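Data first, discussion second: the structure below is written as structure tokens.
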Amino acid sequence: MSERVWEVFRQEDEGDPMVHSGNVNAPDEELALHYAREFYGRRGESHRLWIVPRDAITELDDPDLLKPPFDRSHKKPGGYLIKHKLEAAKARAGGTAGE
Amino acid sequence: MATVEQTDTIQPLNGRPPYAPGDADGFFTHVGSGGKVEADAWMPDEYRAAVLKFVEMHANSELMGVLPERDWIMRAPNLRRKLALTSKIQDEVGHAQLLYRVAEDLGKPRAQMLADLLEGKTKFHNVFHYPTRSWADIGIIAWLVDAAAIVSQQALRDSSYAPYARTMRKICWEESVHIMHGRDVVLTLMNGTDAQRAMVQEALDRWWGPLMQMHGPPTDPARDKDLHWGIKAKNNEQLRQEFLSIYVPRIRELGLQIPDVALHYDEAEGRWQYTEPDWAELKSVVTGHGPASQERLGFRRDHYADTQWVRDALLGNATAAA
Numbered sequence: 001m002s003e004r005v006w007e008v009f010r011q012e013d014e015g016d017p018m019v020h021s022g023n024v025n026a027p028d029e030e031l032a033l034h035y036a037r038e039f040y041g042r043r044g045e046s047h048r049l050w051i052v053p054r055d056a057i058t059e060l061d062d063p064d065l066l067k068p069p070f071d072r073s074h075k076k077p078g079g080y081l082i083k084h085k086l087e088a089a090k091a092r093a094g095g096t097a098g099e
Numbered sequence: 001m002a003t004v005e006q007t008d009t010i011q012p013l014n015g016r017p018p019y020a021p022g023d024a025d026g027f028f029t030h031v032g033s034g035g036k037v038e039a040d041a042w043m044p045d046e047y048r049a050a051v052l053k054f055v056e057m058h059a060n061s062e063l064m065g066v067l068p069e070r071d072w073i074m075r076a077p078n079l080r081r082k083l084a085l086t087s088k089i090q091d092e093v094g095h096a097q098l099l100y101r102v103a104e105d106l107g108k109p110r111a112q113m114l115a116d117l118l119e120g121k122t123k124f125h126n127v128f129h130y131p132t133r134s135w136a137d138i139g140i141i142a143w144l145v146d147a148a149a150i151v152s153q154q155a156l157r158d159s160s161y162a163p164y165a166r167t168m169r170k171i172c173w174e175e176s177v178h179i180m181h182g183r184d185v186v187l188t189l190m191n192g193t194d195a196q197r198a199m200v201q202e203a204l205d206r207w208w209g210p211l212m213q214m215h216g217p218p219t220d221p222a223r224d225k226d227l228h229w230g231i232k233a234k235n236n237e238q239l240r241q242e243f244l245s246i247y248v249p250r251i252r253e254l255g256l257q258i259p260d261v262a263l264h265y266d267e268a269e270g271r272w273q274y275t276e277p278d279w280a281e282l283k284s285v286v287t288g289h290g291p292a293s294q295e296r297l298g299f300r301r302d303h304y305a306d307t308q309w310v311r312d313a314l315l316g317n318a319t320a321a322a
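Protein sequence lines, in the order shown, are assigned to chains A and B. If you're matching positions, the first sequence starts at 1 in my numbering and goes up one per residue. If you're matching positions, the second sequence starts at 1 in my numbering and goes up one per residue.
Structure representation (structure tokens):
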């Protein structure tokens, strides 16, 4: 029986996202579960584990798609520099409008 | 799926009582003490139905909420504003997709959710039933409508339904960008001409009523099941008070007048006092009788029909494949 690589995802506590932790080598699902449990769950540090065959994972890492070379600052909070505008608007309002 | 057999029976580290499938009392004790529920966990039907109704209404609101903004893409004052507005609309439709996925996992097919929305059987937020009149509306919507929404969405990051809570973490991050975009639009107008400032004031005057209604009338916390089961973490009035505490000062510091003479912070009571929002209007609007309700639903119906060929092609409909 040939071995397969199984990627292990771990949920640290109830409700947390599943986070990639590492992988194990095992010939079948049953052994993969035991290995994953030994490596990533033997101290009670995991709430649940997902064990996924590596060849079941589809990867996308094309920078042209993920990091396109256009200005995307309008998609981020830091893309809006309101400090001076806010000061100007407050100065215009003249502090006449209180709380 | 196979599981590793549990051989010991020591107390759970989190101290919450575990529950067995079918044990509704144990389940409600679990969520009542801060426990989380995953999509594949057993849950009582009434909990499943309550989460589904809540998430479906949220998804509907994200989907319908882009229509007022869509009207302004071609009228944005410059390229950067057009990019930002288009990007916001893309985000909101994306939120609808994420939320319909959460809802689908609870057992209702997406096609059924869309059909129910288009037939007016399910609801979407009151603020998306109103028309837009000027570019200032785009600033007020992105700043204040999104701010009112994020107040409740931030509380949903602690929802007992874990897939919803995790989705809200991503959504809140994106909404924070929208608020910056909206505040930037408003600030730019407030630093502009008198006519532009008047335009913002006029928009605020129209939107204030719907904003005050948005979180809904105060409910009896003892009878609010969504609260009791941890589906949501804060009640309507808490959310409205939180919104007022953050945003009233930010609105007033710009010289804008909030159109409610009764609005003030009551130091003795430790809360904002305000004119009672028009709850009859809220009820009428969310049941499809708002000024733009039918126009928006009509647009969605036409759009749904126009794009049927795409779904047929993607889902391998026999006639499309021929």
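Beta carbons are placed, not taken as given, at the ideal position from N, Cα and C, and that holds for glycine. As the structure is a computational prediction, the values presented were derived from the model and not from experiment.
Next on the checklist: Is it the case that the stretch 16-28 of chain B contacts the stretch 146-157 of chain B, given that we only count it when at least three CB pairs across the two stretches are under 8 Å?
Outcome noted: Touching, no.
Checklist entry - For Lys-234/B, does the count of other Cβ atoms within 10 angstroms reach 16, so buried, or fall short, so exposed? => result buried
Checklist entry - Quick one, which of Gly-255/B, Pro-217/B, Met-212/B and Arg-166/B has its alpha-carbon nearest Val-37/B's? => result Arg-166/B
Item to check | Asp-146/B vs His-178/B beta-carbon contact at 7 Å | outcome: Yes, they are a contact pair.
Checklist entry - By the 10 Å Cβ neighbour count, where 16 or more other Cβ atoms means buried, how is Phe-70/A classified, buried or exposed? => result exposed
Item to check | Among Ile-251/B, Asp-226/B, Phe-243/B and Gln-97/B, the one whose alpha carbon lies nearest that of Glu-323/B | outcome: For residue 323/B there is no data in the structure shown, the boundaries of chain B being 1 and 322.
Checklist entry - Using a Cβ-Cβ distance under 7 Å, would Arg-166/B count as near chain A? => result yes
Item to check | Those runs of the alpha helix (DSSP H) which lie wholly inside the stretch 148-190 of chain B and span at least 4 residues | outcome: If we require 4 residues or more, the alpha helix (DSSP H) runs fully inside the stretch 148-190 of chain B come out as 162-190.
Checklist entry - Is the number of C-beta pairs between the stretch 64-71 of chain B and the stretch 85-92 of chain B that are closer than 8 Å three or more? => result yes
Checklist entry - Along chain B, in chain order, which residues have C-beta atoms closer than 8 Å to that of Lys-76/A? => result Correct list: Val-177.
Item to check | For Val-52/A and Asp-220/B, the rounded distance between their alpha carbons | outcome: Roughly 46 Å between the two C-alpha positions.
Item to check | Within 8 Å of chain B by C-beta, residues of the stretch 22-33 of chain A in sequence order | outcome: Glu-29, Glu-30 and Leu-33
Checklist entry - Hey, quick one: how far does the beta strand (DSSP E) through Trp-272/B stretch, first residue to last? => result 271-273
Item to check | Integer-rounded CB distance, given that Gln-257/B should sit under 8 Å from Gly-196/B | outcome: Going by the sequence as given, residue 196/B is Gln instead of Gly. The pair is not a contact, with the Cβ atoms about 16 Å apart (cut-off 8 Å).
Checklist entry - At a CB-CB cut-off below 8 Å, which residues of chain A make contact with Asp-105/B? => result Contact annotation for Asp-105/B against chain A: no contact, minimum CB-CB distance about 15 Å [criterion: below 8 Å].
Item to check | the stretch 287-303 of chain B in contact with the stretch 119-126 of chain B per 3-pair CB rule at 8 Å | outcome: The stretch 287-303 of chain B vs the stretch 119-126 of chain B: in contact.
Item to check | Helix, strand or coil at Gln-257/B according to DSSP, with G and I counted as helix | outcome: coil
Checklist entry - Cβ atoms of Arg-43/A and Glu-7/A: under 7 Å apart, would you say? => result no
Next on the checklist: Using beta carbons (cut-off 7 Å, strictly below), is Leu-60/A in contact with chain B?
Outcome noted: Not an interface residue.
Next on the checklist: Using DSSP's beta-bridge definition, name the partner residues of Phe-9/A.
Outcome noted: His-20/A and Trp-50/A
Checklist entry - Using DSSP with H/G/I as helix, E/B as strand and the rest coil, what is His-34/A? => result helix
Next on the checklist: Does any residue of chain B have a CB that is nearer than 7 Å to the CB of Glu-14/A?
Outcome noted: yes
Next on the checklist: Using only the alpha-carbon positions, how far apart do Ala-32/A and Gly-22/A sit?
Outcome noted: 12 Å
Next on the checklist: Based on DSSP bridge pairs, tell me the residues matched to Arg-4/A.
Outcome noted: Ala-26/A
Checklist entry - Got a sec: is the Cβ-Cβ distance from Pro-53/A to anything in chain B below 7 Å? => result no
Checklist entry - In three-state DSSP terms, what is Asp-55/A? => result helix
Checklist entry - Taking Cβ to Cβ, would you say Asn-191/B is nearer than 7 Å to Lys-85/A? => result yes
Checklist entry - Interface residues of chain A around Ser-61/B at Cβ under 8 Å? => result Those do not exist, as Ser-61/B stays about 21 Å from chain A at its closest Cβ, beyond 8 Å.
Checklist entry - Going straight from the alpha carbon of Ala-97/A to that of Met-74/B, what length do you get? => result With a pLDDT of only 46 at Ala-97/A, under the threshold of 50, the placement of this residue in the model should not be trusted; the figure read from the coordinates follows. Near 35 Å, if we compare the C-alpha coordinates of Met-74/B and Ala-97/A.
Next on the checklist: Do Ser-293/B and His-129/B count as a contact pair if the criterion is CB distance below 7 Å?
Outcome noted: Between His-129/B and Ser-293/B, the CB-CB gap stays under 7 Å.
Next on the checklist: Using only the alpha-carbon positions, how far apart do Gln-308/B and Gly-216/B sit?
Outcome noted: 35 Å
Item to check | Closest by C-alpha distance to Leu-211/B, when choosing among Trp-279/B, Ala-313/B, Leu-314/B and Leu-144/B | outcome: Out of Trp-279/B, Ala-313/B, Leu-314/B and Leu-144/B, the CA that lies nearest to the CA of Leu-211/B is found in Leu-144/B.
Checklist entry - Under the three-state reduction of DSSP, which class applies to Tyr-47/B: helix, strand or coil? => result Helix at Tyr-47/B.
Item to check | CB contact check: Ala-97/A to chain B, cutoff 7 Å | outcome: Only weak support is given to the placement of Ala-97/A: the predicted model assigns it a pLDDT of 46, under 50, and the value that follows is read from those uncertain coordinates. Interface residue, yes.
Item to check | Cβ pair count under 8 Å reaching 3, the stretch 45-60 of chain B against the stretch 100-119 of chain B | outcome: yes
Next on the checklist: Please identify, using Cβ separations under 8 Å, the residues of the stretch 246-277 of chain B that lie next to chain A, in order along the chain.
Outcome noted: Val-248, Pro-249, Arg-252, Glu-253, Leu-254, Gly-255, Leu-256, Gln-257 and Tyr-265
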